[in-house]
Ligand code: AMP
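Right, dumping it as structure tokens:
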């Protein structure tokens with residue numbers, strides 16, 4: 010089993026939905042690290058302010074997440090606030106306060122530098138690049154990004170894409186980044202930008218994996234979502250965690266990893282914030298993977 014390095018935001022989120030307002034711990038790295046921790050040892054790199062709850066850092070450690078790369082700085086933790094439509098199919102960002110991230114200079118502890126599997130969670134692309142400059146010969150680099158950076162820092166995003174192996178991105182942002190509409194064209198354009206594999210997430214409709222001529226379609230798991238925040242990061246963390254556990258990047262491993270990522274994302278949305286991700290068991294994960302398998306099983310004749 011190899012370990013995985015996760016860098017990204019560690020956040021305090023305010024989520025508004027039909028059930029009210031929820032102040033919870035969030036962040037791309039937080040969701041990805043917890044999701045990955047079901048499969049492998051996780052090394053976390055990020056920054057929080059003095060207002061970040063100690064008990065969450067304790068829970069990370071209990072789950073085998075090495076937090077020695079999590080800096081605690083004077084100032085406030087990154088804060089994101091968003092509002093979902095009542096049917097949870099769309100969200101609007103109300104506030105993005107970078108706070109301690111504004112002057113963050115990620116330092117990869119020497120003991121993390123040779124980690125083979127690297128997850129660049131959603132965060133400023135120049136910070137993702139700074140991490141890549143410090144890791145030595147990773148076997149697989151997975152990156153996520155979002156409209157905030159695609160619009161705000163397009164040149165840095167382009168530079169980043171030349172150095173990642175797997176881009177994980179949601180459908181709307183994939184269209185925005187590629188300037189195309191039809192999925193085949195979108196995937197083709199994104200593959201031309203650098204990554205050898207592109208995973209396009211369609212939220213409640215599943216995910217597609219494109220790698221050259223290799224295409225894989227994962228179904229969505231039908232459930233009643235409570236809070237979709239972090240689903241994408243849980244997907245990415247589960248995806249890479251599973252690959253790290255297997256220790257190879259064969260096409261069949263990538264396919265199964267998409268299902269494991271989808272499984273972690275499906276648990277994530279069942280609770281508010283990290284709630285469900287923290288209560289799920291290995292047995293529940295295995296049972297849901299089996300349900301995914303049954304969902305697409307059919308006899309060819
Ligand atoms: P997701 O629902 O997978 O897109 O991820 C939601 C998480 O991303 C939230 O917990 C936020 O704290 C975090 N987030 C939102 N905007 C940003 C941003 N611009 N940079 C880094 N993280 C962000």
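In the working numbering, the protein residues as written are 10 to 310.
Using N, Cα and C, we set each Cβ at its ideal position, and we do this for glycine too.
Because the structure is a prediction, the values reported are computed rather than measured.
Cβ pair residue i, residue j closer than 8 Å
i: residue 77; j: residue 49; result: no
i: residue 312; j: residue 189; result: No answer is possible for residue 312: it lies beyond the span of the chain, which begins at 10 and ends at 310.
i: residue 51; j: residue 15; result: yes
i: residue 47; j: residue 250; result: yes
i: residue 136; j: residue 113; result: yes
i: residue 147; j: residue 118; result: no
i: residue 171; j: residue 197; result: no
i: residue 166; j: residue 134; result: yes
i: residue 237; j: residue 21; result: no
i: residue 252; j: residue 266; result: yes
i: residue 243; j: residue 82; result: no
i: residue 187; j: residue 199; result: yes
i: residue 121; j: residue 18; result: no
i: residue 129; j: residue 104; result: no
i: residue 41; j: residue 245; result: yes
i: residue 33; j: residue 241; result: no
i: residue 108; j: residue 37; result: no
i: residue 54; j: residue 140; result: yes
i: residue 307; j: residue 289; result: no
i: residue 23; j: residue 90; result: yes
Under the three-state DSSP convention, the category residue i falls into
i: residue 164; result: helix
i: residue 113; result: coil
i: residue 191; result: coil
i: residue 234; result: coil
i: residue 100; result: strand
i: residue 148; result: coil
i: residue 52; result: strand
i: residue 34; result: strand
i: residue 129; result: strand
i: residue 300; result: helix
i: residue 283; result: coil
i: residue 154; result: coil
i: residue 335; result: As displayed, the chain neither begins before 10 nor continues past 310, which places residue 335 out of reach and without an answer.
i: residue 272; result: helix
i: residue 75; result: strand
i: residue 257; result: coil
i: residue 247; result: helix
i: residue 86; result: coil
i: residue 262; result: helix
i: residue 305; result: helix
According to DSSP, residues forming a beta bridge with residue i
i: residue 11; result: Partner(s): none; residue 11 has no beta bridge.
i: residue 226; result: 217
i: residue 174; result: Looking at the DSSP assignment, residue 174 forms no beta bridge with any residue, so it has no partner.
i: residue 91; result: 24 and 102
i: residue 29; result: 26
i: residue 142; result: In DSSP, residue 142 forms no bridge with anything.
i: residue 57; result: 81
i: residue 159; result: None; residue 159 has no bridge partner.
i: residue 179; result: 210
i: residue 278; result: Answer is none; residue 278 lacks a bridge partner.
Cβ-based burial, residue i [other Cβ within 10 Å; buried from 16]
i: residue 223; result: exposed
i: residue 278; result: buried
i: residue 88; result: buried
i: residue 183; result: buried
i: residue 287; result: exposed
i: residue 254; result: buried
i: residue 271; result: buried
i: residue 256; result: exposed
i: residue 173; result: buried
i: residue 221; result: exposed
i: residue 153; result: buried
i: residue 67; result: exposed
i: residue 57; result: buried
i: residue 27; result: exposed
i: residue 247; result: buried
i: residue 195; result: buried
i: residue 291; result: exposed
i: residue 214; result: exposed
i: residue 295; result: exposed
i: residue 207; result: buried
i: residue 75; result: buried
i: residue 305; result: exposed
Check whether the stretch 168 to 179 touches the stretch 231 to 238, counting contact only when three or more Cβ pairs, one atom from each stretch, lie closer than 8 Å. no
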